[in-house]
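One structure is given here, and the rest of the page talks about it.
Protein chains: 8
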Amino acid sequence: MGSDSDLPFLEPAIKVLEGFNLQVETRVLSAHRTPLKMVSFAREAEGKGLKVIIAGAGGSAHLPGMVASLTSLPVIGVPIQSKCLKGIDSLYSIVQMPAGIPVATVAINGGLNAGLLAAQILSTIQPELKIKISQYRKELHNQVIHKDK
Amino acid sequence: MGSDSDLPFLEPAIKVLEGFNLQVETRVLSAHRTPLKMVSFAREAEGKGLKVIIAGAGGSAHLPGMVASLTSLPVIGVPIQSKCLKGIDSLYSIVQMPAGIPVATVAINGGLNAGLLAAQILSTIQPELKIKISQYRKELHNQVIHKDK
Amino acid sequence: MGSDSDLPFLEPAIKVLEGFNLQVETRVLSAHRTPLKMVSFAREAEGKGLKVIIAGAGGSAHLPGMVASLTSLPVIGVPIQSKCLKGIDSLYSIVQMPAGIPVATVAINGGLNAGLLAAQILSTIQPELKIKISQYRKELHNQVIHKDK
Amino acid sequence: MGSDSDLPFLEPAIKVLEGFNLQVETRVLSAHRTPLKMVSFAREAEGKGLKVIIAGAGGSAHLPGMVASLTSLPVIGVPIQSKCLKGIDSLYSIVQMPAGIPVATVAINGGLNAGLLAAQILSTIQPELKIKISQYRKELHNQVIHKDK
Amino acid sequence: MGSDSDLPFLEPAIKVLEGFNLQVETRVLSAHRTPLKMVSFAREAEGKGLKVIIAGAGGSAHLPGMVASLTSLPVIGVPIQSKCLKGIDSLYSIVQMPAGIPVATVAINGGLNAGLLAAQILSTIQPELKIKISQYRKELHNQVIHKDK
Amino acid sequence: MGSDSDLPFLEPAIKVLEGFNLQVETRVLSAHRTPLKMVSFAREAEGKGLKVIIAGAGGSAHLPGMVASLTSLPVIGVPIQSKCLKGIDSLYSIVQMPAGIPVATVAINGGLNAGLLAAQILSTIQPELKIKISQYRKELHNQVIHKDK
Amino acid sequence: MGSDSDLPFLEPAIKVLEGFNLQVETRVLSAHRTPLKMVSFAREAEGKGLKVIIAGAGGSAHLPGMVASLTSLPVIGVPIQSKCLKGIDSLYSIVQMPAGIPVATVAINGGLNAGLLAAQILSTIQPELKIKISQYRKELHNQVIHKDK
Amino acid sequence: MGSDSDLPFLEPAIKVLEGFNLQVETRVLSAHRTPLKMVSFAREAEGKGLKVIIAGAGGSAHLPGMVASLTSLPVIGVPIQSKCLKGIDSLYSIVQMPAGIPVATVAINGGLNAGLLAAQILSTIQPELKIKISQYRKELHNQVIHKDK
C-alpha cells in the first residue's frame, strides 16, 4: 500500500487471504516517497515467489500502475477514497492504464474484493482454494437468504 | 461480449491471446436480452475448462458483474464507451461491485489490456507464457526507445 | 432490494403502498450474492400475481436491470446512495439500460416516489386508487400552502 | 416532446407503440415556451382518455416533471442529449424529482425504452399486449443468439 | 422558494434586501406540489408591482425556470444543495435553460448574491440604491483589508 | 468577451438587443491578456452610461467575475464551451462566485439568453421594452404551436 | 490568499518555507472584494523582490489566474475545497488558464506542496536550498520505510 | 512525454522555449513501457544540467508524478486529452499528488503554458529572459487590443 493510512481499506484483503490459509506479505511502499524501494520490490517480486500483487493508493494513485509496469505478475489495484474527490481521482489514476500494462482494478475502497480476486487467480493453480472460495460465496448467499426471512 | 457492436473493442484481446497460442472462445451474450443463456454460460464455464473470462459491455454494463456472480473463475470486465456518457456509466457499473464478488476492471475500451491481464493470470499455471509476455513487453519497450531516437 | 442496508431507503415505498391498501411482498435478493434466487423470483413474479416490481440497489446496481430482463412486468429502479460516489454509480447503472429492456428509474434514494409511481401504474387497472393518489397529492399541496402562510 | 428537434429521439417510442397497435397522440409542447398549453394538456390528459404520458426534453428539462405535477397518470421522462453536457443536465433535471411527484426516467436518448415501458404499463390492463411484448423480447433474444453463431 | 427547507439558504437574500430598505414578499411555492399556485403567482407578479423574482430550489429544480417562462420580469435562480448530488443537479436544472427563457443563476446556496443581484438590477431605476450597494461593497473590502492587517 | 473566438456564441445577444433597438457596445477584452484594460473598462462602465454588462469567457473564465468585482452594474456571465471540458470549467468559474459579488449566469453558450436577460433588466426602466419582449415570446410560443400542428 | 478562511490550507506552505529559512510575506487579498489591491500587489510584487507567488482560493477561484496575468513571476495556485463542489470548481477555475498565462496548479488543499514547489523553484538560484529539500525528502522516505517495519 | 502521440500537444512548449533561445532536450519516455529508462532519466536530470522538466501524459498519467518523485527539479505536468474521459483522468492523475512531491500542473493540452511557466521559472536565474517574456506578453496584449479595434 502507498501509505499506512490506507491500511484500514486493505486489511480486509489480508484477512480474507489469511482465512484461506494463503501467505501474505504486507508492505508500505510509496510510489512517490520511496520510488526506488518500490522499483526494487516490483522487480524482485516474482523471483521471491509472489504470485499476485495487491496495491492500494489514493489521489494521484500511481503505485498500482508503476508496480504493474515493473513486473508481469497480475497486479490488482484498489482505489482508496481521497478527501475531496472521494476516490474518483484514485479510480481514474488506477484504471485508465495505457495499452500494454493492465491493472486489475476493483471498486473504490474495495480491499475485500481485491483479496477475493487474488484468491480466485491463485485458485487456477491451487484447486483446493476453489472449495474455500465456494464456501465463502455460499456463506454470502446464506446471509442474504437469512435476511430474506 | 454483450453486443456485437462491442467486437471492435474486444478484438485486440482475442488477437493478443491467439498470438500467445491460447485458445479463445468468443461469445455474444447479453445480460439483458439473453439473461438465461448468460446464466448457463457462466455456470458451465468452469466445467467446460475455461480459466478466465473477459466480459465487455457498455452503458448499464451488467454482463461482467453478473457472470462474476455465477462463477468463481476470475472475470475481467471491459467498460465499452457509450454514446453520451462516453463509458463513465459502463466503468461505474462494472467496477463498483459489492463486497464478495470482484470484477477485475480495465480501462474504458481496454480490450487489449484485458487480453494481457488474462495472459498474466494464466501464466501463473503456464510458465512458458511468462516468456511470451516478457517478449511482448520488450517490444513495447523497444517501440518507445525507437521513438526516443 | 439488493441488501437489507437498503431497507431504510425503500421503506417509504412499502409504507405508502400499504397506506393505499395495496399488498406488498418485500424481498431481500442480491443480483450478485443470490443470482439464481433473483432469476427465479423475476421469472415467477408475473405468475404469482405481482403487477409491478420495485428494485433498489447501490453501487454496481444490477438488480433492477436484471429483474427487468427476466420479466415483462414494469420494473421501477431506485438508485441507493453509495459511500464514495453518492449514488451516481447506482443511478448510471440503473438508468442507462440498453434498448429493449427499460427500467423506470426514480431519484437517488427515491423510495417514496417508487411507491407512488407503482400506485400510479396500478391505478390504470384500479380506478379507486386514483382517488387515494389525488388525496395524497392534495395533502402535499396543502402542506406547501400551509407553509406559505 | 419539448421541441421538434427531440423528434428523432422519440420516434422509436411512437413506432414501437404503433407496432403494438396502440394509439399514440404526438404533441410538441414546451414547458418554457408554451407553459400554459403544457398546463392545459397535462390537466386534461386523463379526461381525454390518455393512460400513460411520455415526455422527452433536453438541458433544463422541465417538461416531464411539470407534466407529472399536473396529472396522476404515470409519466415517463426521456432525457435528450444536450450539446455540451451530453444529456447529464437533462438526466439530472428529469430524474431527481422531489418526494411526492415521480417521473419514470429512462436512459439518455432512450425513446425506444420509453415506448416499451409504456407498453408494459398498459399491459397491466390489456393482457393481449403481454403476448406482443413477449414476442418483441423473443426477437431481441434471437438476434443476439444469431450473432452468437 | 420551492420548500421551507430552502429558507436558510434564501434568508440572506431577504435580509440584505430589507437592509437596503427594499420591500420583499416571501412565498413558499412548489413547482411540483402546487403547480397551479406557482402559475398564478408568476403570471400575476408583474401586475402586483414586483420588479425582480428570486427563486430557489434543489434537485430537479424547476421552480426558477417555470416562473421565468410565465413572466418577463428578471428571474434569479438559486440552486440549493441536494443530499447526494450536492446541488449539481439543482445547478444544471436551473442554469441550462433553452434559448428564449433566461434565468439569472447564482452559485449553489448563493442566496446572498441573489439578493445583491436583485438590488443591482433595481438600482437601474433607483439611483439611491447604488449608494447603498457601494457602501456594502466598501464594507466587504474593508473586512478583507482588516484581515490583511 | 474574452476572445474573438467567443464571438459566434455572443453574437445572438448583440442581434437580439439591436433588434430591440438597444445600443450595444461590443468589446474584446481579456481578463488575462489585457487585465488593466479590463479593469479600466469595468471601472468606467457606469460613468459612460452602460446599464448592463454581458461578459462571455471559456475555460478559466475570469472575465465576468472580475468585471463584476469592479462595477456594481448587473453583470451577466456566459460560459463558453471549452475544447475538453465542454464548458463545465467555464460554468463553474463563472457561477461559483463568492458571497458579495454576484454574476448572473446563463447556460453554456447561452448568448441569446444573455441578451434577453439584459433586455428584461433594462425593461424595468424602459417600459416600451416590455412590449417588445412580450412580442418576442409570443413568436417563440407560436413557433412551438405551429410545430404542434 | 483570497480569504482568511483559506489560511488553514495555506499555513503548511508558510511553515515549510520558514523551515527552509525563506522569507515569506503573507497577504489576504481578494480578487473579488479587493480587486484594485490585488492588482497593485501583483504589479508591484517583482519590484519588491518577491520571487514566487503562492495564491490559494476556492469556488470561482480567480485570484491565482488574475495575479498571474499581472506579473511574470511564477504563480502557484492552490485550489481550496468548496462546500458543495468540494474544490472541483476551484481546481477547474485555477488550472484551465488560457494559452499565454500559466498558473502552476497543485492538488486541492495542496498548500504544503505549493510551499515545496516554491522552494524547488527558488533552489534554481539558491543551491543551498537543494540540500534542505533533499533532507526533507529523505525524512519523508524514512517515515515510509519506518512504517514498512 | 509519455508517447509520441503526445507530441502535437507538447510541441508548442518546445517552440516557445526555443524562441526564447533556451536549450530543450526532447525525450519520449513512458512511465509504464520504459519505467527503468524513466527512472534513470529523472535521477540523472539534475546532474546533466537540466533546470526544469516538462512532462506530458494522458489517461493514467503517471509520468509527471514519477519523475517528480525522483528529482527535486521543478516538474511541470501537462495533462493530455484522452479519448473517452477527455483528459479529466489525466488531470486528476497529475494534479492530485500526495503531500511531499508537487507537480506544477497546467491546463489539459496546455503545452504552450508549460513552456511559458518553464521560462518564468528559469527567469529567476536568467534576468534577460524576463525581457523576452515581457515582450511575449506584450504581443498577446496587442493581439487582443487589435481585435478590440
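Chains as they are written, first to last, in my numbering: chain A, 4 to 152; chain B, 4 to 152; chain C, 4 to 152; chain D, 4 to 152; chain E, 4 to 152; chain F, 4 to 152; chain G, 4 to 152; chain H, 4 to 152. Quick reminder that beta carbons are idealized off the backbone N, C-alpha and C, glycines included.
Residue i to residue j span [Cα, whole Å]
| i | j | result |
| --- | --- | --- |
| A:Glu131 | A:Gln138 | 11 Å |
| E:Ile128 | H:Ala107 | 48 Å |
| C:Asn116 | D:Pro105 | 5 Å |
| G:Leu125 | H:Asn112 | 26 Å |
| E:Phe23 | E:Glu142 | 14 Å |
| F:Leu94 | E:Leu39 | 32 Å |
| E:Ala48 | D:Ile17 | 39 Å |
| G:Ala45 | D:Ala45 | 58 Å |
| A:Pro60 | A:Leu10 | It should be pointed out that residue 60 of chain A corresponds to Ala in this sequence rather than to Pro. About 10 Å. |
| C:Gly80 | C:Met4 | 10 Å |
| H:Arg36 | A:Leu13 | 27 Å |
| B:His65 | B:Ile97 | 7 Å |
| C:Met100 | B:Leu88 | 13 Å |
| G:Ala122 | H:Ser72 | 15 Å |
| E:Val70 | D:Ser43 | 16 Å |
Three-state secondary structure assigned by DSSP to residue i
| i | result |
| --- | --- |
| G:Val70 | helix |
| F:Val81 | strand |
| D:Gly22 | helix |
| D:His103 | The residue you asked about is not His; residue 103 of chain D is Gly in the sequence shown. Three-state DSSP puts D:Gly103 in coil, outside helix and strand. |
| C:Ala110 | coil |
| C:Ala57 | For the record, residue 57 of chain C in the displayed sequence is Ile; it is not Ala. In the structure shown, C:Ile57 sits in a strand (DSSP, three-state: E or B). |
| C:Leu125 | helix |
| E:Glu28 | coil |
Within-8 Å CB hit, residue i to chain G
| i | result |
| --- | --- |
| A:Gly62 | yes |
Chain E contact for residue i (CB, 8 Å cutoff)
| i | result |
| --- | --- |
| F:Asn24 | no |
| F:Ser99 | Note on identity: in this sequence residue 99 of chain F is Gln, with Ser being the wrong assignment. Yes, because at least one Cβ of chain E sits closer than 8 Å to the Cβ of F:Gln99. |
| G:Asp151 | no |
| C:Ala110 | yes |
| F:Gly103 | yes |
| D:Ile17 | no |
| F:Ile128 | yes |
Cutoff 8 Å: residue i Cβ touching any chain A Cβ
| i | result |
| --- | --- |
| B:Asn116 | yes |
| C:Leu66 | no |
is_contact[residue i, chain K] using C-beta, thresh 8 Å
| i | result |
| --- | --- |
| A:Thr37 | Looking for chain K here will not work: the only protein chains present are A, B, C, D, E, F, G and H. |
Contact set between residue i and chain C, taken where Cβ atoms lie within less than 9 Å
| i | result |
| --- | --- |
| B:Ser75 | The contacting residues do not exist; B:Ser75 stays about 12 Å from chain C at best. |
Cβ of residue i within 8 Å of any chain B Cβ
| i | result |
| --- | --- |
| H:Val31 | yes |
| H:Leu88 | yes |
| C:Val78 | no |
| A:Leu53 | no |
9 Å Cβ cut-off: residues of chain F touching residue i
| i | result |
| --- | --- |
| G:Met69 | Ala34, His35, Pro38, His65, Met69 |
Check: residue i C-beta below 7 Å from any heavy atom of the ligand ATP
| i | result |
| --- | --- |
| C:Leu143 | In the structure shown, the ligand ATP is absent, as is every other ligand, since no ligand is present at all. |
Residues that residue i contacts on chain E, provided the C-beta gap is smaller than 9 Å
| i | result |
| --- | --- |
| C:Gln84 | Lys86, Cys87 |
| G:Asp9 | In chain order: nothing, as chain E lies at least about 11 Å away. |
Closer than 9 Å at the beta carbon, the chain G residues around residue i
| i | result |
| --- | --- |
| E:Val81 | The premise fails here: E:Val81 is roughly 12 Å from chain G at the closest Cβ pair, so nothing lies under 9 Å. |
Cutoff 8 Å: residue i Cβ touching any chain H Cβ
| i | result |
| --- | --- |
| G:Arg46 | no |
| B:Ile148 | yes |
Any chain C beta carbon closer than 8 Å to residue i
| i | result |
| --- | --- |
| A:Leu143 | yes |
Below-8 Å beta-carbon distance, residue i vs any chain F residue
| i | result |
| --- | --- |
| G:Val42 | yes |
Chain-ordered neighbours of residue i on chain E, where CB pairs are closer than 8 Å
| i | result |
| --- | --- |
| F:Ser137 | Ser75 |
Under 9 Å by beta carbon: chain B residues contacting residue i
| i | result |
| --- | --- |
| A:Lys133 | Glu49, Ser75 |
Listed by chain order, chain H residues near residue i by CB distance under 7 Å
| i | result |
| --- | --- |
| A:Ser96 | Ser63, Tyr95, Ser96 |
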